[in-house]
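Novice: Residue numbers (my numbering): 170 to 487. Below you'll find the structure I mean.
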Amino acid sequence: MQLTFVIPNPDDFRSGGNMYNRQLLAALRQIKPEISTVFDPLFSLSGNQKALVVDSLLMYDQDWSSVSVPVYFLLHHLESLYPPSGFSGQTIFEEKEHPILRHASGFIVSSRFTEQYLRKQGLTQGVCCIEPALEEVLAPPQRSFDRLRAIIVANLVERKGILPFLQELIRQQPQEYELKLFGSDQMEPAYAASCLSLIDQLPGVQFGGSLPQPELFTHYRQANLFVSASFMETFGMAIQEARQAALPLLLMEGGYSQQHLLDGNGGWSYANMVELVHQFVQLTQNPKELKAMQPEVRQLDYTWKIAARRLINFLEYQ
């Protein structure tokens, strides 16, 4: 099967979806070097494409009903899962997403959560669940628990919940803590500016921008708590990395996030920001509690090469 991936250029901006695409494609090309990529969603469909894999960010730019080759949508996120304020997720799905998704030959998703959502919405095409693999196995370091040293890895976009988290930090005024925040401030500039203005009011918080993975892993090792304030994660690649680094997790419930607390162990999850930040404050007062909450590191046998083979098998037997 001659595959063409229609995806955003992974070098244009840093995101979980772009990291996923880059790693999956690299593994696929070890098996099938002829796989091609297109970064322009308005590319010409003429040529020798035999099947298309289209990133969900770009699926709105073509009339897929007139495409004669199989089209598989790679669904990192759907707007209906976290609709803008004042809009109904179901309305967005029915009016904006379903008219596109119904033309798919199948779907590639990063978690069972998204697969279940598609089934709930009545889509019956084949679904291949390819959970992200890890780029690096993180051996648990010897950590200090003399004070809270937290880390957040999230782009400064509304869905990640950074602004209300910072607002609640200001309201509850925790003492004696360090919080390092890493991610892009370029995707939603106005929202990011609001976040950065609050960070200036919080002496314990530092913004480090977007970092390459090796540098980011260094900060995972130095931290003793990982925080996700995200309202919706279809998987949560940063959460997976933090767990593999044996970091206790403090999570906002939303989508797949809390599933990273295997058997409910390794941290805390909350349904609202007030409770989440309250737990953060409690941990500033008793940071040694974190030591007992370090999750067991489970060495993963699952690799991107295994993920690539699974996807090829799915596509070839559709």
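We put the CB at the ideal spot given by N, CA and C, even for glycine.
Within its chain, find whatever has a CB closer than 6 Å to the CB of residue 322; leave out the 5 residues flanking it on each side and keep chain order.
Specialist: These residues qualify, in order along the chain: 351, 407.
Novice: I'd like to know whether the C-beta atoms of residue 222 and residue 343 end up nearer to each other than 8 Å.
Specialist: Going by C-beta atoms, residue 222 is not nearer than 8 Å to residue 343.
Novice: Quick one: Cα of residue 171 to Cα of residue 376, how far?
Specialist: Their Cα atoms are separated by approximately 43 Å.
Novice: Quick check: residue 279 and residue 325, are their CB atoms within less than 8 Å of each other?
Specialist: Not a contact, by the Cβ cut-off of 8 Å.
Novice: Per the DSSP calculation, residue 349 is bridged to which residue(s)?
Specialist: In the DSSP output, where bridge partners are listed per residue, residue 349 has 320, 375.
Novice: Taking buried to mean at least 16 other C-beta atoms within 10 Å of its own C-beta, is residue 374 buried or exposed?
Specialist: With 16 or more Cβ atoms within 10 Å of its Cβ, residue 374 is classed as buried.
Novice: Going by C-alpha to C-alpha distance, which of 466, 396, 448, 174 sits closest to residue 239?
Specialist: That would be 174, whose Cα lies nearest to the Cα of residue 239.
Novice: If you run the structure through DSSP and keep just helix, strand and coil, what is residue 402?
Specialist: Residue 402 falls in the strand class under three-state DSSP.
Novice: Give me the DSSP bridge partner(s) of residue 421.
Specialist: Beta-bridge pairing links residue 421 to 439.
Novice: Would you check if the distance between the CB atom of residue 371 and the CB atom of residue 335 is smaller than 8 Å?
Specialist: Yes.
Novice: Within 10 angstroms of the Cβ of residue 398, are there 16 or more other Cβ atoms? Answer buried if so, exposed if not.
Specialist: Residue 398 comes out buried.
Novice: Nearest by alpha-carbon distance to residue 465: which of 415, 447, 457 is it?
Specialist: Comparing Cα positions, the closest option is 415.
Novice: So residue 401 packs on residue 424, CB below 8 Å; how close in whole Å?
Specialist: Right, their Cβ atoms sit about 5 Å apart.
Novice: Roughly how many whole angstroms lie between the Cα atoms of residue 191 and residue 176?
Specialist: Spanning the two alpha carbons is a distance of roughly 10 Å.
Novice: Buried or exposed for residue 431, going by 16 or more other Cβ atoms inside 10 Å?
Specialist: Residue 431 comes out exposed.
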